[in-house]
Amino acid sequence: VENDQERDWVRRASAGDRDAFAALVDRYWGPVRAWLAGLTGRVHLAEDLTQEAFLKAWVALPRLAAADTFRVWLFRIARNEYLAAARRLRPTGEVPDTPDSAPDPATVAIEREESAALRSAIGKLPDQYREAYLLWTHESLTYPEIAGILDVTEETARWRVCEARRRLTRILEKFLTP
Amino acid sequence: MTCAGAETWLLTARSASGLPAAVRAHLAECRGCARRLASLKQTDSAVRKLAPGVSASNTAARQRLADAIQRTPQSAPTTPAPEATPKPVRRVPGWAIGVGAGLAAAVLVAVGWIAGRATSPKAIVQAPAPSEPAPAAPAPQPQPPVVKVPSIPVFPEVPVAPYPRLPAGLAARAARHAAHVAADALPTSQAESLEQFAADVRAEVMRRAHAGDADGLPRLTGLHERLLKLGVARQVARAPKDQRPAMATRTAEHLAGAADEVAAATAQLPVPIGKLIKPLVTACRETAESIREGKVPPAPADWPAPATPLETVVAQTLRVADANDALSRANESTELACALAQVAAVLSTAEQTDDAGRVGDSIATVLDAGVALNLERVESSNPGGTLLKEVELVRDRADKSMEPLEREVAKANPIAKPGLEKALVASAPGHAKATGKPSKHGKGGVPPGSQKK
Numbered sequence: 322v323e324n325d326q327e328r329d330w331v332r333r334a335s336a337g338d339r340d341a342f343a344a345l346v347d348r349y350w351g352p353v354r355a356w357l358a359g360l361t362g363r364v365h366l367a368e369d370l371t372q373e374a375f376l377k378a379w380v381a382l383p384r385l386a387a388a389d390t391f392r393v394w395l396f397r398i399a400r401n402e403y404l405a406a407a408r409r410l411r412p413t414g415e416v417p418d419t420p421d422s423a424p425d426p427a428t429v430a431i432e433r434e435e436s437a438a439l440r441s442a443i444g445k446l447p448d449q450y451r452e453a454y455l456l457w458t459h460e461s462l463t464y465p466e467i468a469g470i471l472d473v474t475e476e477t478a479r480w481r482v483c484e485a486r487r488r489l490t491r492i493l494e495k496f497l498t499p
Numbered sequence: 208m209t210c211a212g213a214e215t216w217l218l219t220a221r222s223a224s225g226l227p228a229a230v231r232a233h234l235a236e237c238r239g240c241a242r243r244l245a246s247l248k249q250t251d252s253a254v255r256k257l258a259p260g261v262s263a264s265n266t267a268a269r270q271r272l273a274d275a276i277q278r279t280p281q282s283a284p285t286t287p288a289p290e291a292t293p294k295p296v297r298r299v300p301g302w303a304i305g306v307g308a309g310l311a312a313a314v315l316v317a318v319g320w321i322a323g324r325a326t327s328p329k330a331i332v333q334a335p336a337p338s339e340p341a342p343a344a345p346a347p348q349p350q351p352p353v354v355k356v357p358s359i360p361v362f363p364e365v366p367v368a369p370y371p372r373l374p375a376g377l378a379a380r381a382a383r384h385a386a387h388v389a390a391d392a393l394p395t396s397q398a399e400s401l402e403q404f405a406a407d408v409r410a411e412v413m414r415r416a417h418a419g420d421a422d423g424l425p426r427l428t429g430l431h432e433r434l435l436k437l438g439v440a441r442q443v444a445r446a447p448k449d450q451r452p453a454m455a456t457r458t459a460e461h462l463a464g465a466a467d468e469v470a471a472a473t474a475q476l477p478v479p480i481g482k483l484i485k486p487l488v489t490a491c492r493e494t495a496e497s498i499r500e501g502k503v504p505p506a507p508a509d510w511p512a513p514a515t516p517l518e519t520v521v522a523q524t525l526r527v528a529d530a531n532d533a534l535s536r537a538n539e540s541t542e543l544a545c546a547l548a549q550v551a552a553v554l555s556t557a558e559q560t561d562d563a564g565r566v567g568d569s570i571a572t573v574l575d576a577g578v579a580l581n582l583e584r585v586e587s588s589n590p591g592g593t594l595l596k597e598v599e600l601v602r603d604r605a606d607k608s609m610e611p612l613e614r615e616v617a618k619a620n621p622i623a624k625p626g627l628e629k630a631l632v633a634s635a636p637g638h639a640k641a642t643g644k645p646s647k648h649g650k651g652g653v654p655p656g657s658q659k660k
């Protein structure tokens, strides 16, 4: 938990305050959705899983022992949702397309090729590296937090991020400016 | 510090400031490692930018969550264990008292001996001759992370993430995919939703095949084929020209992979069941090939009659996906809501109350994003009001779309009633938006998760 206000939201939400939980949803919806979209390669599926994860968090929040662990706990629920979906469906392992909000004709062509290569490269990472790396990049989580979410040791979390970055830079070598 | 030694540090650090002094010193001297760190940061930054943007379906998902939270109670907090009740007093036999006293005496003797050893004066030892001072310990060098087999969870205090409900069944998932199609008119999004829909049907076929439940398989494989050929392939063909090649390649790859996977699984099943599953493989391969060649695959056989509720939902979803203008989408979405209401009624009868509620959520999305939003678009793009009559007609049909559920509630038995009521409450916000009338079944207001900061 980053600050006292967030800790307060967690406490109030645990006591049944829906407005406090809404504040937590506002804070974490984007990061959880982005992470799940990176894992599943499907925006719609990621949104469904995010919704389910938050609903389960709401139901079980009174049983969360320490408000400080909310973020890790929430991402663990999201991960459980992802694993359940992955068992049901074959993962595509591709990062979803981002809608172009402000297309710039001069750079779109180059950027499109680069993003396609990047998506493909992330899609080729083994699941365990991808989930650790996306937590590290998108959410700037620490290694102990990543370890807590993935239920591994801190060293393993560190190794997975390390390997993911090594592989990505190798694949994307030609796109990286020297 | 060598380049090889620095490499692992660079791979685990976010920036140079997080590195140990020795590595930073190496970076200042070594241009290659400095470039390496810059490349890594560039990659991370590019990955961060890939986060999906805001979409209509995202708003709908948040709305569904907000509605669900309004009607979902929290679980009870963990309560401390009750005090243990005093055990009944038992009489101790005389011989046991004697044995106990003996053991106590032995323990006392042992404790006395240990205490004596610990407090007795120490033997005098000759002081060692002065010697050369030991060399100072080398400055601790940063150690690269060691790979270990994971063993102990780092955060043992984090409770196991909960699973309060069972995962949704096929009907509820189908309803969700149908709602996605109604909520997002972009061909790329519709193709994605329909592909997921087909994947769910495929997974259900495989599940039933492995369970030996073979009788319903032909209808489901037919449904799968229609979703791919009439749904996915058509939407890929409708995608904008600049996005189509990448999308076609990606979709064809997924389908080819799925075909291989099913074919491999089929080989492990009894031959008669394998034959029933084979159409899955054929449909995936034919669709993949057509998409690669830029063609629309030939239409499958006619729809079976009478249609099952799931088939009705699929047919209506495909109609919504094909609808080009806002008025047609709104009109087809009312039909879809009606088909989903029938599915909710069937689920309620089977006592699948949670799934009926999930279908109710999807109905709300269809009525909100599929009907209300499209009618708004029609009204705003038609200031003269020439289409006013048509808009009112669609609104009226949306109003009646919940009638199957309302009728069933009136005559439902105690088993079906909870599911029907749950579906009605869940669908109420969408119904209110599509009809412009206050809801009879749910509460209004700004739900959590959608409030402005």
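Protein chains in written order, with this note's numbering: chain A, 322 to 499; chain B, 208 to 660.
Each residue gets a CB set at the ideal place from its N, CA and C atoms; glycine is no exception.
query                                                                                                                                                                           : result
Mind checking if W379(A) is an interface residue toward chain D, Cβ cutoff 9 Å exclusive?                                                                                       : Absent from the structure: chain D. Protein chains present are A and B.
Within the 9 Å Cβ cut-off, does E399(B) reach chain A?                                                                                                                          : yes
What did DSSP end up calling Q326(A) once you bin it into helix, strand or coil?                                                                                                : helix
Where P460(B) and R409(B) are concerned, what is the direct C-alpha to C-alpha distance, given to the nearest angstrom?                                                         : Looking at the sequence shown, residue 460(B) is not Pro but Glu. About 16 Å.
Name the chain B residues whose beta carbon is nearer than 8 Å to that of D369(A)?                                                                                              : A268 and R383
Determine which residues of the stretch 231-255 of chain B have a Cβ less than 7 Å from any Cβ of chain A, and write them out in chain order.                                   : R242, S246, L247, Q249, T250, D251, A253, V254 and R255
For Q559(B), return the contacting residues in chain A, with the cut-off set at a CB-CB distance below 9 Å.                                                                     : Near Q559(B) there are no residues of chain A at all, since even the closest Cβ is about 17 Å away, more than 9 Å.
For L476(B), which three-state DSSP category applies?                                                                                                                           : coil
Quick one: which chain B residues come within Cβ less than 8 Å of L366(A)?                                                                                                      : Q403
Start and end of the alpha helix (DSSP H) containing T541(B)?                                                                                                                   : A533 to T556
Determine, using beta-carbon pairs with one atom in the stretch 266-280 of chain B and one in the stretch 364-376 of chain A, whether at least three such pairs fall under 8 Å. : yes
Does the distance from the C-beta atom of A406(B) to that of L547(B) stay below 9 Å?                                                                                            : no
Could you pull out every residue in the same chain whose Cβ sits closer than 6 Å to the Cβ of G469(A), ignoring the five residues on either side in sequence?                   : V393
Hey, could you find the ends of the alpha helix (DSSP H) R363(A) is sitting in?                                                                                                 : Per DSSP, R363(A) belongs to no alpha helix (DSSP H) and is neither H nor E.
Give the secondary structure of T463(A) by DSSP, where H, G and I count as helix, E and B as strand, and everything else as coil.                                               : coil
Among the candidates T560(B), V573(B), G481(B) and Q442(B), whose CA atom is the shortest distance from the CA of I622(B)?                                                      : T560(B)
Does the separation of the CB atoms of S264(B) and V364(A) fall below 9 Å?                                                                                                      : yes
How about the stretch 455-462 of chain A and the stretch 343-358 of chain A: do they share at least three Cβ pairs that are nearer than 8 Å?                                    : yes
Against chain A, does H387(B) count as a neighbour if the rule is that its beta carbon must be under 9 Å from one of theirs?                                                    : yes
For A355(A), go through chain B and note every residue whose CB falls closer than 8 Å to its CB, in chain order.                                                                : A258 and P259
Helix, strand or coil: how does DSSP classify L488(A) here?                                                                                                                     : The residue asked about is misnamed: residue 488(A) is Arg in this sequence, not Leu. Reduced to three states, the DSSP call for R488(A) is helix.
Checking 9 Å against the spacing of the C-beta atoms, do H431(B) and P486(B) come in under that value?                                                                          : yes
Is the shortest distance between the beta-carbon of P636(B) and the beta-carbons of chain A less than 9 Å?                                                                      : no
Give the straight-line distance between the Cα atoms of R332(A) and I398(A), rounded to the nearest whole angstrom.                                                             : 18 Å
Can a CB atom of chain B be found closer than 9 Å to the CB of V331(A)?                                                                                                         : no
Kindly say whether R328(A), judged by its beta-carbon, lies nearer than 9 Å to any beta-carbon of chain B.                                                                      : no
State yes or no: is the beta carbon of P447(A) nearer than 9 Å to at least one beta carbon in chain B?                                                                          : no
DSSP state of R602(B), grouped into three classes?                                                                                                                              : helix
By the 10 Å Cβ neighbour count, where 16 or more other Cβ atoms means buried, how is L595(B) classified, buried or exposed?                                                     : exposed
Taking the C-alpha atoms as reference points, what is the distance between A283(B) and F342(A)?                                                                                 : 16 Å
Grab me the residues of V488(B)'s own chain with a C-beta within less than 6 Å of its C-beta, minus the 5 sequence neighbours each way, in chain order.                         : A466, V469 and A470
Could I get the ranges of all uninterrupted alpha helix (DSSP H) runs contained in the stretch 237-276 of chain B, with 4 residues as the minimum, in chain order?              : 238-255
Rounded to a whole number of angstroms, what is the C-alpha to C-alpha distance between T541(B) and R604(B)?                                                                    : 7 Å
Give me the Cα-Cα distance between I467(A) and L218(B), rounded to the nearest whole angstrom.                                                                                  : 16 Å
Is the shortest distance between the beta-carbon of Y454(A) and the beta-carbons of chain B less than 9 Å?                                                                      : yes
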